[in-house]
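Q: This is the structure I have questions about; it appears just below.
Residue numbers (this note's numbering), protein chains in the order written: chain A, 1 to 567; chain B, 568 to 1134.
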């Protein structure tokens, strides 16, 4: 009984770190060999990191990638390697997969379906490939290779590879960005593709984060009946080994002539002698735990890949900063999280105590720096020029910006990353102060709606089996505490209403009329969408954060600032 | 002698303002009729404004555009109208030109060549057209219509329209973003296209600004020998009328069969009886005056289209803020410009006096608000936590952020737009304080290199025939005055060297090795490109500003923040 062992090497690359990515790939090739893998597969653009964005427009970046690919080729003795890299041919750049065996580059597949929607700009950089290679391994099994988006199109390359090329195994390399329950989407898709084309499907995803994007791993294997036979871990690097018995069914009939299919014979390919192993199906997280893990991975990678060790954040005594602090501690360790509590004249005894209690629960260092005196000096400075005006948001924002300045001073002095604590609901309607609570390098929960903030916080307490986040924080009405007796709901509709309107307007692109039709108050809807539109300038200057919804602010939703469309 | 009068209605649309844009278009149609024009032409996406970005993903936005197009159709009695709008067909969206005559929609052209590089994302939104309409007006003259990028491709639609469709007149509608000397580029291109295809070319560009982009007008007409016969004003709205004698040469031979060409007969079209007028060729600005006008238009449009009346800026006594103040006065009037001078303990008598002198010269209101006391209170707050550390950039940045807070307080209190004064050289290397001097809604000269800041300032003095900007400002070594005896050149190479390195690295995508080869010091180049790379996070949180170079920071250059490529 001849066994084919395919290893999906679900790695965490760093954009632009060719040396580091290459050495990781070489190490994994070695590991795969030791584990008797016959084929080892790496994610889309694993060599350059994904997405490299405008680095792709530097000719020397492309050249350097090719040099490092050479190193990989030289280290492929006795194993078939598939690895993503930015390929070049004549004056065109491609999103490519190198196909390597025994120190030889057998061929390069160029991605055909280039996504140019949502967070993707691939048509900005890449030309589309035109050929679908199918590898015939000594006449024993036939394999088609394609890349990410390619497999999301029913009539795409895998159809050509299986229908004309008679491929019985499809290997897809991806760097597929996470959003809530994306894994389920992929699972459904791959299952259907396996059944429809009667192929075994090997799907290798990246695991790691790059700026706003999290690649959530969860590489998968389906057999040709559409049964899930193996799944890698979610949100971490993994080596997923799958054993497949080589039988007649894998050899495929003679290929049908088709101009797109490129038939390549892999001669002299030998599978390594081995005992068959049972395939592993790692567990799948529930919705809240999944988001939790996405935030932790995205944050940890941003911090470490940008060379930070410690982070600092403001603890207000509210639920948002409590959640961010807890996530930060889980991601980086309590010794790397520093909190400031910056009480103003309007801060209550309760919020201050909650902040202190939380810091004790989390075991993090807390500095208390009152801002009343500074606020007084500012107000005094403006005494004359603001004479005759009524106190308004101006005096409130001054306090938020004093806090921003203090947090940034810690950052400048000690090299700590300032993490902001605003959620998606606030950022949508601009319920935040530019250069105040938005000041910082990373906005960890900027794509988390307020209602989900509560659920994540509850999850954390459950997970820890105790009130890590004090129950009084959950119970207190949300407040910015920038004036007396202020609560968020003075200005905003209740969060469960607000979050639904945001979802309809931002994620589903519904009109005001359509949202009202769903049963929301017209005046409320009108006010909310007007706030969303008018605050584009704030979002544009806010730090990046992790995408967890199908449409995050940032590269995912590109709205003009100057915009008079109001429906 | 029958005369064809074509009017290029070079208008300034506002993104999303369908009501306003439509009513402007109707008014211009009326004006054109009164001036006996037979054909009136509006720019690309004149109805929606350009670029509408993700508004295009709202189905109700597309529908609303179609409704307003109906109004235009109803007002087209006795005139042929060509107007750009976002068209829809089945489930696809196109960048379209409506072709209207006598209250009828004769047809819709869909743009074929969709730019997806630089500032453009058209493949994100639009499907490509496949048909090239050619209009045969009563057998008397033949006209092909296409859109912007279409005419930049030698083998593009105008080739098909002239070669197969036998069009003798090509009308191209554009919203072509400005960069330095772009007009010359266009002129050269259109001339070549006219000669190569033996066609008269009518090029109608937009005139106005949208966020980062300026559309610089300068619509043009070339005859079929490649001679420039008319040119509209640059940087303002205009109605450019061109008279063409209808002779046999315009009738075109019978079209050759080609699947892309769509032959449309316009029956009953009557030219209006008229005397021939001489065509107008408006003057072309020199390089510096051109940039000056781009900045003024871009700024004026941003301010007015976003509903601001007044702006506020900090005057440091340096050349950057002097230039911004002068530009603002020219764009908005001196009564709408308010300046603050915010001296610190390190500000010299000289800079303070220069700021005052400049304000007097410009006739703008100046408030003086010293920040020393606030700085002292901050330092006192940090006394314990920063104990044992040496003063560094932290203490400097605190001052810049105090200024940011003060400027924003004026903005919040009075509704004035804060305009920042940083230039491209500073922003490139991150020689600026986030939430400090970068705090504001619009960064007027963010794409202007320091060396060009001086030239623009000299131009302003020349233009005014006096030292509007005091000569002492030109003479002083650039300094941030955030510590004693500080100058920019303590940290940065001389600006004439720095600007050249930035140009090579940012705009030309050259590698470190290539730049060194051009004769720059290796250590300097290495330091500069490392600063450019490391400060992507600052640029990402900086306000938008006007693109004047071929590659501006912002939508034009999309670099990852997390990025370890350093060559």
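Positions of the beta carbon are idealized from the N, C-alpha and C atoms, including for glycine.
Check each residue of the segment 406 to 417 of chain A: if its Cβ is closer than 9 Å to any Cβ of chain B, include it; give the result in chain order.
A: Under the 9 Å Cβ criterion, the segment 406 to 417 of chain A contributes 406, 408, 409, 410, 411, 412, 413 and 414.
Q: Roughly how many angstroms separate the alpha carbons of residue 1113 (chain B) and residue 390 (chain A), rounded to a whole number?
A: C-alpha separation (whole angstroms): 35 Å.
Q: Restricting to Cα atoms, I'd like to know which of B:1002, B:952 and B:998 is closest to residue 972 (chain B).
A: Per the Cα distances, B:1002.
Q: For residue 413 (chain A) and residue 961 (chain B), I'd like the C-alpha separation in whole angstroms.
A: Near 6 Å, if we compare the C-alpha coordinates of residue 961 (chain B) and residue 413 (chain A).
Q: I need the DSSP call for residue 703 (chain B), collapsed to helix, strand or coil.
A: Note: residue 703 (chain B) maps to strand in three-state DSSP.
Q: In chain order, what residues of the segment 295 to 310 of chain A put their CB closer than 9 Å to some CB of chain B?
A: Those residues of the segment 295 to 310 of chain A that come within reach of chain B (Cβ to Cβ, closer than 9 Å) are 301, 302, 305 and 306.
Q: Just checking my contact of residue 592 (chain A) with residue 158 (chain A) at CB under 8 Å: how many whole Å lie between their CB atoms?
A: Coverage of chain A is limited to positions 1 through 567, which leaves residue 592 (chain A) absent and any answer about it impossible.
Q: So is residue 724 (chain B) in contact with chain A if we call contact Cβ pairs under 8 Å?
A: Output row for residue 724 (chain B): interface = no.
Q: Which residues does DSSP pair with residue 781 (chain B) in a beta bridge?
A: Bridge partners of residue 781 (chain B): B:776.
Q: With a CB to CB cut of under 7 Å and the five nearest residues on each side skipped, what residues in its chain are close to residue 1011 (chain B)?
A: The answer, listed in chain order, is 862, 866, 891, 894, 986, 1112 and 1113.
Q: Go through its chain and collect everything with a Cβ distance to residue 125 (chain A)'s Cβ below 7 Å, but skip five positions before and after it.
A: So the list reads 56 and 93, once near-sequence residues are dropped.
Q: Check whether the segment 590 to 600 of chain B and the segment 639 to 651 of chain B touch, using three or more Cβ-Cβ pairs below 8 Å as the test.
A: They touch, by the three-pair rule.
Q: For residue 493 (chain A) and residue 914 (chain B), I'd like the C-alpha separation in whole angstroms.
A: Going by the C-alpha atoms only, they are around 47 Å apart.
Q: Buried or exposed for residue 287 (chain A), please, with buried defined as at least 16 other CB atoms from any protein chain shown within 10 angstroms of its CB.
A: Residue 287 (chain A) should be labelled exposed.
Q: Please report the residue range of the beta strand (DSSP E) in which residue 662 (chain B) lies.
A: Note, residue 662 (chain B): beta strand (DSSP E), 659 to 668.
Q: By the 10 Å Cβ neighbour count, where 16 or more other Cβ atoms means buried, how is residue 798 (chain B) classified, buried or exposed?
A: With 16 or more other Cβ atoms within 10 Å, it is buried.
Q: Give me the subset of the segment 671 to 684 of chain B whose CB atoms are less than 7 Å from a CB atom of chain A, sorted by chain position.
A: Hits within the stretch, in order: 683 and 684.
Q: Can you check whether the C-beta of residue 27 (chain A) is within less than 8 Å of a C-beta belonging to chain B?
A: So no, residue 27 (chain A) is outside the interface.
Q: Mind checking which residues open and close the alpha helix (DSSP H) that includes residue 462 (chain A)?
A: Element bounds for residue 462 (chain A): 450 to 464.
Q: For chain B, is any of its Cβ atoms less than 8 Å away from the one on residue 478 (chain A)?
A: Not an interface residue.
Q: Counting Cβ pairs, one atom from each stretch, are 3 or more of them under 8 Å apart for the segment 1015 to 1031 of chain B and the segment 877 to 891 of chain B?
A: Output reads yes: the segment 877 to 891 of chain B touches the segment 1015 to 1031 of chain B.
Q: Might you give, ordered along the chain, the residues of its own chain that have their beta carbon closer than 6 Å to the beta carbon of residue 910 (chain B), omitting 5 neighbours on each side?
A: Result list for residue 910 (chain B): 919 and 937, in chain order.
Q: Taking its Cβ as the centre, do 16 or more other Cβ atoms sit within 10 Å of residue 610 (chain A), making it buried, or is it exposed?
A: The structure shown does not extend to residue 610 (chain A), since chain A is modelled only from 1 to 567, so the question has no answer here.
Q: Is it right to say residue 541 (chain A) is buried, meaning 16 or more other beta carbons lie within 10 angstroms of its own, or is it exposed?
A: Label assigned to residue 541 (chain A): buried.
Q: Count the other CB atoms, across all protein chains shown, that sit within 10 Å of the CB of residue 1123 (chain B); report buried if there are 16 or more and exposed otherwise.
A: Result: buried.
Q: Report the three-state DSSP secondary structure of residue 640 (chain A) (helix, strand or coil).
A: Any property of residue 640 (chain A) remains undetermined from this structure, which presents chain A solely from 1 to 567.
Q: Quick check on DSSP: helix, strand or coil for residue 314 (chain A)?
A: Strand, per DSSP.
Q: To the nearest angstrom, how far is the alpha carbon of residue 247 (chain A) from that of residue 176 (chain A)?
A: Using only the alpha carbons, I get a separation of about 32 Å.
Q: Bridge partners of residue 935 (chain B), per DSSP?
A: Note: residue 935 (chain B) sits in a beta bridge opposite B:908.
Q: First and last residue of the beta strand (DSSP E) that includes residue 577 (chain B)?
A: Run containing residue 577 (chain B): 570 to 577, per the beta strand (DSSP E) assignment.
Q: Closer than 7 Å, Cβ to any Cβ of chain B: which residues of the segment 495 to 513 of chain A, in chain order?
A: Residues 509 and 511.
Q: Just curious, the beta strand (DSSP E) that residue 1037 (chain B) is in, first and last residue?
A: Element bounds for residue 1037 (chain B): n/a, residue is neither H nor E.
Q: Tell me which same chain residues have a C-beta within less than 6 Å of the C-beta of residue 793 (chain B), skipping the five on either side of it?
A: Closer than 6 Å at the Cβ level, and outside the excluded window around residue 793 (chain B), lie 758, 761 and 762.
Q: Suppose you measure from the CA of residue 311 (chain A) to the CA of residue 366 (chain A); what does that come to, to the nearest Å?
A: So the alpha carbons of these two residues sit roughly 12 Å apart.
Q: Quick check: what's the CA-CA separation for residue 651 (chain B) versus residue 588 (chain B)?
A: Computed Cα separation, rounded: 11 Å.
Q: Using 8 Å as the limit for Cβ to Cβ distance, is residue 1013 (chain B) near chain A?
A: False, the Cβ-Cβ gap to chain A never drops below 8 Å.
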